[in-house]
Amino acid sequence: MGRFEGATVLITGAAGGLGRGAAKGFAAEGARLVLSDLNEEALADLAGSLEAETAILAGNIADESLSESLVRLAVEKFGRLDVAVNNAGIVQSFVRLPQDAWEQAPPLFVSVQRI
Ligand SMILES: NC(=O)c1ccc[n+]([C@@H]2O[C@H](COP(=O)([O-])OP(=O)(O)OC[C@H]3O[C@@H](n4cnc5c(N)ncnc54)[C@H](O)[C@@H]3O)[C@@H](O)[C@H]2O)c1
């Protein structure tokens, strides 16, 4: 039995390198997946390649309503949301951070939340 059997995992930026890897990893552990990305075609290809129950919704994660729609989709399709891999994003010019700010709180590149 996989470590995420029965859990629902949401992954943004799922069609890219890290997101795709996360999707495959969570699928192998028995999770049901809600996948999102800007690239609708790549998202559909990924979902078709996974041996897992999936729901997909393409869009720009900068649009706040997409986040709400993704949570709603998880709950409507799978009845729950357990983990959010907040992977889609752009690294801002963190190199301009002052040293003390960096030491206090380095920028978070990818956040994974257990909900
Ligand atoms: N790969 C690394 O070594 C590395 C290191 C540090 C941080 N990161 C961060 O991890 C995340 C993923 O990295 P990656 O290497 O898989 O990148 P990637 O470019 O391979 O994949 C990113 C995916 O996110 C999607 N995407 C981009 N902007 C989006 C938006 N506004 N809304 C929805 N989807 C969007 C793209 O279509 C793409 O499929 C990025 O935030 C990146 O900055 C990556």
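Residue 78 in our numbering is what sits at position 77 of the sequence shown, and the numbering runs on without skipping anything.
C-beta: ideal position from N, C-alpha, C; glycine also.
Report the partner residues of Ile-62 according to the DSSP bridge assignment.
-> Taking the sequence shown and counting its residues from 1, one reaches residue 62 at position 61. Paired residue(s): none; Ile-62 is not in a bridge.
Counted within 10 angstroms of its Cβ, other Cβ atoms place Val-10 as buried (16 or more) or exposed = In the sequence shown, residue 10 corresponds to position 9, counting from 1. With 16 or more Cβ atoms within 10 Å of its Cβ, Val-10 is classed as buried.
6 Å Cβ shell around Glu-41 - same chain, five flanking residues per side excluded = Within the sequence shown, residue 41 is the residue found at index 40, counting from 1. These residues qualify, in order along the chain: Ala-59.
Based on Cα-Cα distance, which residue from Glu-104, Val-86, Asp-101, Gln-100 lies nearest to Gly-17?
-> As a first step, residue 17 must be located in the sequence shown, where it is residue number 16. Nearest option by C-alpha distance: Val-86.
For the stretch 49-58 against the stretch 24-36, are there 3 or more C-beta pairs whose distance is under 8 Å?
-> yes
Look at the alpha carbon of Lys-78 and the alpha carbon of Gly-22, and state the distance between them as a whole number of angstroms.
-> Taking the sequence shown and counting its residues from 1, the one referred to as residue 78 is at position 77. Taking the sequence shown and counting its residues from 1, the one referred to as residue 22 is at position 21. Near 23 Å, if we compare the C-alpha coordinates of Gly-22 and Lys-78.
Would you give the residue range spanned by the alpha helix (DSSP H) that Leu-44 belongs to?
-> By 1-based counting over the sequence shown, the position of residue 44 is 43. Looking at the DSSP string, the run of the alpha helix (DSSP H) that includes Leu-44 is 41-50.
Beta-carbon proximity list for Leu-47, same chain, < 7 Å, skipping 5 on both sides | Within the sequence shown, residue 47 is the residue found at index 46, counting from 1. Closer than 7 Å at the Cβ level, and outside the excluded window around Leu-47, lie Ala-15, Ala-16, Arg-21, Ala-24, Leu-36.
Which class does Arg-73 belong to by DSSP, given the choice of helix, strand or coil?
-> Sequence index remark: in the sequence shown, residue 73 carries index 72 (1-based). Reduced to three states, the DSSP call for Arg-73 is helix.
Thinking C-alpha only, which one of Gln-100, Leu-67, Arg-81 is nearest Phe-5?
-> Mapped onto the sequence shown, residue 5 falls at position 4. Measuring from the Cα of Phe-5, the nearest candidate turns out to be Arg-81.
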